[in-house]
Amino acid sequence: MLCNQLRTFAVLNILLLISLAGWLYWQNRPVPLAVPELPQQKMQCASYAPYYTPGQSPFIKGTHISPQQIEHDLALLAERFDCVRTYSVGQGLDHVPEAAGKLGLEVLLGVWIGWTDAENQRELTLGLKLANQHPDVIRTLIVGNEVLLRKEQKPAKLKAYLQRARASTDVPITYADVWEFWLKNKEIEDSVDFITAHILPYWEDEPQAIEASISHAVNVMNRLEQTFDKPILIGETGWPSAGRHRNGSAPGNVNQARYIREFLQTAHEKEWRYNLIEAFDQPWKRVLEGTVGGHWGIYDSQLQAKFSLTDAIAERNDGWWPWLSAFAGMLLFGLLGLRAKSTGNATRTALAMLPLGAAAGIMVYLQAGYLVDACRDILEWLALGGVALFGWVGLLTLPALALNQSATAKRWAGLSLWLLAATALIGSALLLFDGRYRDFPLSLYLLPALQFGLLAKLAGMEHIPQPRAFVHMLALAAIFSLTLLVLEPSNLQLWAWISLLLLLISSAVSLGRQPDSATIQP
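In the working numbering, each residue carries its 1-based index in the sequence shown increased by 902.
In C-alpha cells form, the structure reads like this:
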C-alpha cells in the first residue's frame, strides 16, 4: 500500500513537472509580431526620466542628476528617437536641452506644477529661461503634467501659469493630461498652442485588453479631434512589461512590444504626433504604483533594450536558471527522502521525491523573481517572504507525510496551511479594498495549494485535520475574491487566485469521505 502511495505521488508530480516545463517553454518561445514602418528607422519621442539606478528618486530631497549621466542617457536614446520629453527642470534636468542639442535631439521640456505656487513659479521661471536660450532644441514647453488629474491646482490657476508662459516665450506652450481630463476642462484649450493628451489603455477606468488597445487609441483620437480645434500631441502612450492584470489588460514583454509596434504603425498611417512612455524603467515608481509602475520602459533599469522593432519577442528569457534550480530541489528532496524513516527501500523513497524536488526548485526560482518585482520595502519583504516561508515549511514535510510515519511533520504541515489560509484572507481583503497597485501572489501559494489540496489527496496520503476557522478564513477570502471578479471578470490572474483558494479549502477535506472530526471542531 505504501509503495503504491509513493508511486502515485511521484507520477502526479512528474505530471506537474511536465506542466511547469511546458509553461516555461511556452513563455520562452519567440513570438513573431508585426514590424512597423518607421521614417529613418527612428521613433518620434520618449519620456526621459533619469531615476533608474538604486537610490535615485525625484522624491528624495537633494537628488541631483549629473551632466555625465544625462549625456550618456541621451546618447543612447538618440540612436532610436528624434526627441525626448522631460517633466521637470529641477534636480539637474536643466542640462537636458544643452546635451540634447549636441546630439541632434529635440526636447519637449516639462515644467512641473504641483501644490505650492512659489515652487511652481521658480520652476516655470527656469523653464522659460531654458526655452528662450535653446529655441532651436526645445520644441515645446509643457507647463504641468496631470495637475488636474491629481487635483493639485484648479483650472483657473493652471490657465494663469499657461498664460504667463505664452507671454514670456515664442516656444509653443502646452499642458499634458489624461484625455478624459481634457474633455472635462475644454476651456484650457484657449491657453495652449496645442493639446497634449495621454492615452494609456492599461490605466483606463475600463482597462483595455491588448487586442482592443489600438482601436481604443484610434477612438480616443477621433473623439479629441472632433472636440478640439488645435493640433493634438499624444503626450504619453505605452504598455507595461510586468505587473498586475487589470481585468483583461495584461502586462508582459510580448504585449508591451506588440502595443508599441502596432501603435507605431497606426501613428505612421494616421500621421499622429506622439511621445512614448517611457525610455527607461523607473524602479522608484513601484513605491507609488506597485510592480507595474516600474516597468513601462523601452529599456530596463540596466539600460538594456527590452525588445527590437523587427525580431520575434519572448515573454521570458530564463535560460538554464529554472533547470539549475530544479536540480538543486531534486538534491534537497532526495536527501529528505533518504532521511525519512521508511519500512521499505530508502532509495525508492528518495527517487519518489525527485519530481517534487524538481517542481519545488522551479517554484523557488519563480518566487524569487516575483518577490524582487513585488516587494517595495522591508515590510513587504518580511510579509511576502514570510508567506513563501510558510509554504516551504509545509512542502518540506511531504517526504515524511508520504510515509505516514511522522506526527511532527503532520503538525508542521497543519501549521503551514493555517498560516497560508490566514495570509490568503489578508491578501484577498487587500486586493479587494486596496488592490489597484497590488500583485496577485500566485507563485507563493501555487505549489502548497496543489500539493496539499490535490496531489497528496489523489495519492492517498493521510489527511491533515484543521480547525473550523481554517475553512472559514478561506471561504471569506473566496468571497472577497469573487466580489472582485464581478468587477474584473476577464482577469486571468484573479481566476487563478480563486482556484488556489479553492484548492486550499480542499486540503481540509478528505477525498471520498466526510471531513475528520478534528476538521470541523471549533
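For glycine and all other residues, C-beta sits at the position ideal for the given N, C-alpha and C.
Candidates the options, of which the one nearest residue i by Cα
i, options, result
"T1212", "W1081, Q970, R1024 and V1156", "V1156"
"G1337", "E1191, G957 and W1314", "E1191"
"C985", "Q971, K944, D1183 and Q1023", "K944"
"I1328", "L1253, G1154, D1038 and F1382", "F1382"
"V1189", "Q907, W928 and P960", "P960"
"A1099", "S1151, A951, W1186 and G1046", "G1046"
"L1321", "R1241, A1371 and A1078", "A1371"
"F1342", "S1318, L1396 and A1379", "L1396"
"R897", "A1248, A1214 and R1313", "Nothing can be reported for residue 897: it is not among the residues displayed for the chain, which extend from 903 to 1424."
"Q1184", "L918, L978 and S949", "S949"
"I916", "S1210, M1255 and T1325", "M1255"
"L1317", "I962, F1354 and L1281", "F1354"
"L940", "W1283, K963 and R982", "R982"
"L1402", "L1281, T1325, T965 and L908", "T1325"
"P952", "S1330, Y1339, W1186 and M1375", "W1186"
"G1472", "T1299, Y1272, P1301 and L1300", "One cannot answer for residue 1472 here, as it falls past the ends of the chain, which runs 903 to 1424."
Beta carbon of residue i nearer than 9 Å to that of residue j
i, j, result
"R1163", "Q946", "no"
"L1043", "V1073", "yes"
"R1148", "N1306", "no"
"L1303", "A1290", "no"
"L1102", "P938", "no"
"I972", "Q958", "no"
"G1259", "G1236", "yes"
"G1293", "L1238", "no"
"L1297", "P1350", "yes"
"L926", "D1131", "no"
"V1056", "I1090", "Residue identity check: residue 1056 is Lys in the sequence provided, not Val. Contact: no."
"R987", "N1177", "yes"
"T1168", "I1116", "yes"
"V1039", "L1007", "yes"
"G1159", "A1111", "Residue 1159 is actually Ala in this sequence, not Gly. Contact flag unset, no."
"G1154", "E1054", "no"
"V1080", "L1032", "no"
"T1071", "V1094", "no"
"L1386", "L1334", "yes"
"E1171", "E1138", "no"
"L1348", "M1232", "no"
"L1463", "L976", "Absent from the model: residue 1463. The displayed extent of the chain is 903 to 1424, so no value can be given."
"A1001", "P969", "yes"
"A1252", "L1268", "no"
"I846", "A1114", "The requested residue 846 is not part of the displayed model; the chain covers only 903 to 1424."
"M1375", "A1323", "yes"
Boundaries (first-last residue) of the alpha helix (DSSP H) holding residue i
i, result
"Q971", "P969 to L979"
"S1383", "R1370 to L1389"
"T1071", "Taken as a continuous stretch (DSSP letters only), T1071 belongs to no alpha helix (DSSP H), as it is neither H nor E."
"D1275", "A1248 to A1276"
"Q1167", "N1155 to K1172"
"V1049", "V1049 to R1052"
"I1116", "I1112 to T1129"
"G1137", "First-last for G1137: I1134 to T1139, but that is the beta strand (DSSP E), not the alpha helix (DSSP H)."
"R931", "Unbroken run through R931: none, as it is neither H nor E."
"A1228", "W1223 to R1241"
"V1189", "R1188 to G1195"
"S1401", "L1394 to S1408"
"R1313", "A1309 to F1335"
"G1003", "V998 to L1005"
"P1142", "That residue, P1142, is in no alpha helix (DSSP H); it is neither H nor E in DSSP."
"A1304", "L1300 to A1304"
"A1351", "L1344 to L1352"
Endpoints, the beta strand (DSSP E) within which residue i is located
i, result
"Y1176", "R1175 to L1178"
"A1099", "I1097 to H1100"
"Y1077", "I1075 to V1080"
"V1039", "Unbroken run through V1039: none, as it is neither H nor E."
"A948", "M945 to S949"
"E1008", "E1008 to V1013"
"G1288", "Segment I1280 to L1297 is the alpha helix (DSSP H) holding G1288; no beta strand (DSSP E) there."
"F983", "F983 to R987"
Whole-angstrom C-beta distance between residue j and residue i, which should lie under 8 Å
i, j, result
"V1096", "Y954", "The residue asked about is misnamed: residue 1096 is Phe in this sequence, not Val. Incorrect: roughly 30 Å between the Cβ atoms, too far for contact."
"P1144", "D1275", "Per the sequence presented here, residue 1144 reads as Ala, with Pro not at that position. Indeed, because the Cβ distance is near 6 Å, the residues count as touching under 8 Å."
"L914", "L1357", "5 Å"
"Y1063", "N1022", "7 Å"
"A1361", "T910", "4 Å"
"R1250", "L935", "Not a contact, Cβ separation roughly 49 Å."
"A1398", "L1352", "Incorrect: roughly 12 Å between the Cβ atoms, too far for contact."
> Are the stretch 1079-1091 and the stretch 1034-1051 touching by the rule of at least three beta carbon pairs closer than 8 Å?
Replying inline: yes
>> Quick test of the definition: if touching needs 3 or more C-beta pairs under 8 Å, does the stretch 1134-1153 touch the stretch 1190-1207?
In response: yes
> Are at least three pairs of beta-carbons, each pair with one atom in the stretch 1115-1130 and one in the stretch 1366-1386, less than 8 Å apart?
Replying inline: no
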